[in-house]
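In the UniProt record's numbering, the protein residues as written are 1 to 327.
1. If you draw a straight line from the C-alpha of residue 196 to the C-alpha of residue 144, how long is it?
2. Got a sec, what are the start and stop residues for the beta strand (DSSP E) residue 68 sits in?
3. How many angstroms separate the CA atom of residue 41 from the CA atom of residue 205?
4. Near residue 29, what residues of its chain come up, given a Cβ to Cβ distance below 6 Å and the 5 sequence neighbours on each side ignored?
5. Are there 16 or more other CB atoms within 10 angstroms of the CB of residue 261, so buried, or fewer, so exposed?
6. Going by DSSP, what residues sit across from residue 231 in a beta bridge?
7. Using three-state DSSP, classify residue 7 as helix, strand or coil.
8. Using the rule of at least 16 other Cβ atoms within 10 Å of the residue's Cβ for burial, across every protein chain shown, is residue 216 buried or exposed?
9. Compute the Euclidean distance between the alpha carbons of residue 69 and residue 111, then round it to the nearest angstrom.
10. Return the chain-ordered list of same chain residues with a C-beta closer than 8 Å to the C-beta of residue 290, the five sequence neighbours on each side being excluded.
11. Between which residues of its own chain and residue 26 is the CB-CB distance below 7 Å, once the five residues before and five after are set aside?
12. On a Cα-Cα basis, can you pick out the residue from 191, 166, 221 and 158 that is closest to residue 185?
13. Start and end of the beta strand (DSSP E) containing residue 42?
14. Residue ranges of each alpha helix (DSSP H) run of no fewer than 4 residues wholly in the segment 131-178, ordered along the chain?
15. From the DSSP output, in three-state form, read off residue 34 for me.
16. Please report the distance separating the alpha-carbon of residue 122 from that of residue 263.
17. Tell me the DSSP secondary structure of residue 251 in three-state form.
18. Check residue 197 in the structure and name its three-state DSSP category.
19. Confirm, please, whether the CB-CB distance from residue 67 to residue 85 is below 8 Å.
20. Hey, quick one: how far does the alpha helix (DSSP H) through residue 53 stretch, first residue to last?
21. Please determine, among 74, 109 and 163, the residue with the shortest C-alpha to C-alpha distance to residue 182.
22. Contact check, residue 107 vs residue 53 under 8 Å by CB: the rounded distance?
23. If you follow the alpha helix (DSSP H) that residue 88 is part of, which residue opens it and which one closes it?
24. With distances taken Cα to Cα, identify the nearest neighbour of residue 279 among 135, 292, 298 and 49.
25. Rounded to the nearest angstrom, what separates residue 273 and residue 194 at their Cα positions?
26. Does residue 293 come out as helix, strand or coil in the three-state DSSP assignment?
27. Could you check if residue 16 is buried or exposed, using at least 16 other CB atoms within 10 Å of its CB as the buried criterion?
28. Can you tell which of 74, 99, 88 and 39 has its C-alpha closest to the C-alpha of residue 21?
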């Protein structure tokens with residue numbers, strides 16, 4: 001029988017942040033479609049210095065799982081075989097069960113010997129445990145995890161996913177929160193048409209800092225409509241000090257806004273950044289949170305065929321083209 005601790009918490013090493021506001025701490029943008037949100041992501045979560053629970057408390061909402069099979073026929077993290085999929089899923093479900101109106105995307109990379117259906121069976125085991133700890137939900141059924149949102153048709157908005165709409169009239173008893181209040185989205189790069197839970201990737205293309213010329217490559221990507229994922233992956237063979245400095249925020253800031261890079265203010269409504277996937281993200285967390293807060297209004301405006309210029313960063317100083325560029 002599966003035993004999962006729904007109360008497992010990481011020993012606090014610093015002051016805990018406040019509980020997030022609805023819609024991943026962006027309640028004012030509850031009408032933004034899922035694919036237009038700007039997702040802060042942790043690459044290969046088992047290799048991060050922080051636990052899944054800490055990542056989610058930090059504001060990470062995209063968890064990248066790299067999974068392999070173990071000699072014991074269980075699914076484990078490729079980078080740390082002592083961490084099982086059951087462990088990772090338990091922390092994710094525990095957060096989703098305890099926090100209200102949050103959306104967590106889990107991107108799944110599996111070794112060739114693991115099928116998506118095998119993953120889903122393991123996922124169901126943990127979902128069942130946490131579903132049974134909720135009030136006001138139907139009995140768990142295999143392949144119908146109530147926490148999972150699977151895309152059909154257009155991407156829904158964050159508010160639609162979690163039932164958050166401040167414009168709706170409030171009735172007596174509306175404050176009683178029962179049942180599933182947060183949602184999990186599973187994505188994969190594999191073919192997933194016949195799966196119970198998987199949705200398509202959120203991004204069309206990916207660009208990493210280690211390309212030969214970041215500005216040139218990003219300029220090319222920004223000429224074609226679609227969502228762009230930024231990857232900040234470090235060289236595992238570098239020293240600890242070098243690892244801390246592997247992500248150059250000024251380089252990215254310039255590549256995103258400058259006329260010889262993406263020139264984001266001059267791109268069409270179909271070109272947008274919606275994901276940043278990081279190794280050891282916590283070294284860069286202040287900048288990442290600021291970038292998210294600056295990018296979401298731009299993406300939201302574009303989703304409505306409007307245009308909003310990106311606000312200059314207060315943390316990174318680069319030339320910003322606002323003063324001379326026209327819409």
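For each residue, glycine too, the CB sits at the ideal point set by N, CA and C.
To lay it out plainly:
1. If you number the chain shown from 1, residue 196 lands on position 196. If you number the chain shown from 1, residue 144 lands on position 144. Between residue 196 and residue 144, the C-alpha separation is close to 8 Å.
2. Along the chain shown, read from residue 1 onward, the residue named residue 68 stands at position 68. Here the beta strand (DSSP E) through residue 68 covers 62-69.
3. Start at 1 with the first residue of the chain shown, and residue 41 comes out as number 41. Start at 1 with the first residue of the chain shown, and residue 205 comes out as number 205. In a straight line, the C-alpha of residue 41 is about 15 Å away from that of residue 205.
4. Taking the chain shown and counting its residues from 1, one reaches residue 29 at position 29. Excluding positions up to five away in sequence, the list reads 296 and 300.
5. Taking the first residue of the chain shown as 1, we reach residue 261 at position 261. By the neighbour-count rule (16 or more Cβ atoms within 10 Å), residue 261 is buried.
6. Taking the first residue of the chain shown as position 1, residue 231 is located at position 231. Looking at the DSSP output, residue 231 shares a beta bridge with 208 and 277.
7. For the purposes of this step, residue 7 is identified with residue 7 of the chain shown, where counting begins at 1. Reliability of the predicted coordinates at residue 7 is poor, the pLDDT of 45 falling under 50, and the value obtained from them is presented with this limitation in mind. Three-state result, residue 7: coil.
8. The count along the chain shown starts at 1 and reaches residue 216 at position 216. By the neighbour-count rule (16 or more Cβ atoms within 10 Å), residue 216 is not buried but exposed.
9. Locating residue 69 in the chain shown gives position 69, where the first residue counts as 1. Locating residue 111 in the chain shown gives position 111, where the first residue counts as 1. Each residue's Cα considered, the two are about 7 Å apart.
10. Looking up residue 290 in the chain shown gives position 290. So the qualifying residues of the chain are 313, 314 and 315.
11. Residue numbering aside, residue 26 sits at position 26 when the chain shown is read from its first letter. Once the five neighbours on either side are set aside, the close Cβ partners of residue 26 are 296.
12. Mapped onto the chain shown, residue 185 falls at position 185. Answer by Cα proximity: 158.
13. Counting from 1 along the chain shown, the entry for residue 42 is found at position 42. Note, residue 42: beta strand (DSSP E), 39-42.
14. 158-162
15. In the chain shown, counting from the first residue as 1, residue 34 sits at position 34. It is helical.
16. Numbered from its first residue, the chain shown carries residue 122 at position 122. Numbered from its first residue, the chain shown carries residue 263 at position 263. About 44 Å.
17. For the purposes of this step, residue 251 is taken as the residue at position 251 of the chain shown. Look at residue 251 here: in three-state DSSP terms it is helix.
18. As a position in the chain shown, residue 197 is number 197, starting the count at 1. Correct three-state label for residue 197: coil.
19. On the chain shown, residue 85 is found 85 positions in, with the first residue counted as 1. On the chain shown, residue 67 is found 67 positions in, with the first residue counted as 1. In contact: residue 85 and residue 67 (Cβ atoms closer than 8 Å).
20. Within the chain shown, numbered from 1, the residue matching residue 53 stands at position 53. Note, residue 53: alpha helix (DSSP H), 52-58.
21. Counting from one through the chain shown, the residue named residue 182 turns up at place 182. The candidate whose alpha carbon is nearest that of residue 182 is 163.
22. As a first step, residue 107 must be located in the chain shown, where it is residue number 107. As a first step, residue 53 must be located in the chain shown, where it is residue number 53. The Cβ separation is near 18 Å, so there is no contact.
23. Here residue 88 is taken as the residue at index 88 of the chain shown, counted from 1. 85-98 is the extent of the alpha helix (DSSP H) around residue 88.
24. Within the chain shown, numbered from 1, the residue matching residue 279 stands at position 279. It is 49 whose Cα lies nearest to the Cα of residue 279.
25. For the purposes of this step, residue 273 is taken as residue 273 along the chain shown, with counting starting at 1. For the purposes of this step, residue 194 is taken as residue 194 along the chain shown, with counting starting at 1. So the two alpha carbons sit approximately 29 Å from each other.
26. Residue numbering aside, residue 293 sits at position 293 when the chain shown is read from its first letter. In the three-state reduction of the DSSP assignment, residue 293 falls in the helix class.
27. On the chain shown, position 16 is the one that residue 16 refers to. A residue is called buried when at least 16 other Cβ atoms come within 10 angstroms of its Cβ; residue 16 does not meet this threshold and is exposed.
28. Along the chain shown, read from residue 1 onward, the residue named residue 21 stands at position 21. Residue 99 is the option with its Cα nearest to residue 21.
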